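Last residue of the sequence shown: number 799 in the numbering used here, and the count goes up by one each step with no gaps. This report concerns only the one structure given below.
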Amino acid sequence: MVDTTVLVTAPTGKVGRRLIPLLWRRGMLVRAASRSPLPQRRGVEPVRFDWTDATTYAAARDGVEAMYLVAGDIPQAVHADYIRRLLEGAAGAGVQRAVLLSTYGVDQAPPEHPLRRIESAVESSGVPFTILRPGAFMQNFSERLRWRESLAEGIRDADEIVAPGGDGRVSYVSTEDIAAVAAVALTEDGHQGNSYAPLGPEPLTLTEVADHISWVTGRPISYVETGRAPIREALLAAGAPAEAAETNSQLYVHAFTSGAMGVSNGDVAEVTGRPPVSFGEFAAGAAAAWRR
508 MVDTTVLVTA
518 PTGKVGRRLI
528 PLLWRRGMLV
538 RAASRSPLPQ
548 RRGVEPVRFD
558 WTDATTYAAA
568 RDGVEAMYLV
578 AGDIPQAVHA
588 DYIRRLLEGA
598 AGAGVQRAVL
608 LSTYGVDQAP
618 PEHPLRRIES
628 AVESSGVPFT
638 ILRPGAFMQN
648 FSERLRWRES
658 LAEGIRDADE
668 IVAPGGDGRV
678 SYVSTEDIAA
688 VAAVALTEDG
698 HQGNSYAPLG
708 PEPLTLTEVA
718 DHISWVTGRP
728 ISYVETGRAP
738 IREALLAAGA
748 PAEAAETNSQ
758 LYVHAFTSGA
768 MGVSNGDVAE
778 VTGRPPVSFG
788 EFAAGAAAAW
798 RR
């Protein structure tokens, strides 16, 4: 694929901003779609795009051969309608691949779940698709969170990880690995119709996460368990409707406390040809985020 244009939504997100250089290195032209267009730079075509404004869809969609789709920070049922509208006629217009960033376990969710509805909109679009259902991001410990207080600030300022989780194990995954899987699915054949669950190589409790961060910072970091209320309140403060805040906070806490994300698989290695980043490797590279 030469001079292929790939639409990247959420280009400043934890995955999107790592995906762009990977696509550029593969010879792709990147159309970076966001509410506030990115600065113009080599290999990147910024375009204004807003899921809530259908008049921005054509400029983002026209002339692209592949799409990387992220529906929003707080999944809601209306996002399925946005996705469906963006993809209307896309197959006939030459779009050959759509890669959707979803969340681990959505394939087990009921049909009315917002993320499952979003997935269904992509699956029924007629565009060859790949769905990514990654586990929780390692970078959530080191980078800003869009809808709740920063875990990185708590680690840096108070030597604490304050979050729900208990003794639940989670196979945290680096967004570098998610971006690498997305880059392959967007540019190579053999992935259409597939779903992948990028996961890290080791299920960890939050106490074990704190131990890794303690090692690279040289300070004792502790885990402080919290309940669901702070998550629900943060979602409400970020603009989520009450029903969405209630549902998503329940799912969030269940995901981290139940052990449902405490599994590992070979998806990252299968798609990219290399093993996923370990939490220890991630922490060593992210240590500056936690230094005082």
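Even glycine gets a Cβ: it sits at the ideal position worked out from N, Cα and C. Computed from a prediction, not measured in an experiment: that's the story for all the values here.
- Within its own chain, the residues whose Cβ lies closer than 8 Å to the Cβ of Gly769, once the five positions on either side in sequence are excluded, are Gly675, Arg676, Val677, Ser678 and Pro710, listed in chain order.
- The beta carbons of Leu514 and Ala689 sit no closer together than 8 Å.
- In this structure, the beta-carbon distance from Ile625 to Ala578 falls below 8 Å.
- Sequence-distant partners of Lys521 (beyond 5 residues in either direction) whose C-beta falls short of 7 Å from its own C-beta, in its chain, are Phe644, Gln646, Glu650 and Thr682.
- For Gly700 against Pro641, the beta-carbon gap comes to about 18 Å, at or over 8 Å, which does not count as contact.
- In this structure, the alpha-carbon of Ala628 lies about 30 Å from that of Arg735.
- Ranked by Cα distance from Tyr564, the first of Arg591, Glu660, Pro671 and Arg548 is Arg591.
- Taking the Cα positions, Gly570 is about 48 Å away from Gly673.
- Membership of Ser649 in any beta strand (DSSP E) is not indicated, and neither H nor E is assigned to it by DSSP.
- If only complete runs of 4 or more residues are kept, the region 549 to 630 shows the alpha helix (DSSP H) at 564 to 568, 585 to 594 and 621 to 630, in order along the chain.
- The beta carbon of Leu713 is closer than 6 Å to those of Ile668, Gly672 and Tyr730 in its chain, skipping five residues each way along the sequence.
- Setting aside the 5 residues that flank it on each side, Ser765 is surrounded in the same chain by Gly675, each with a C-beta closer than 8 Å to its C-beta; the list follows chain order.
- Excluding the 5 residues flanking it on each side, Ala794 has same chain C-beta neighbours closer than 7 Å at Val723 and Thr724, in chain order.
- Bridge partners of Arg538 according to DSSP: Leu514 and Glu552.
- Secondary structure of Ala704 (DSSP, three-state): coil.
- With a threshold of 16 other beta carbon atoms within 10 Å, Asp614 falls short and is exposed.
- Ala747 carries a coil assignment under DSSP once its states are collapsed to helix, strand and coil.
- Annotation for Glu732: no alpha helix (DSSP H) segment contains it, though the beta strand (DSSP E) segment containing it runs Ser729 to Glu732.
- With fewer than 16 neighbouring CB atoms inside 10 Å of its own CB, Ala791 falls in the exposed class.
- Cα atoms of Pro553 and Gln583: separation of roughly 26 Å, rounded to the nearest angstrom.
- For Pro708, the CB contacts under 7 Å within the same chain, skipping 5 residues up- and downstream, are Ser771, Pro782, Pro783 and Ser785 in chain order.
- In the structure shown, the three-state DSSP call for Leu530 is helix.
- Boundaries of the beta strand (DSSP E) around Glu667: Glu667 to Ala670.
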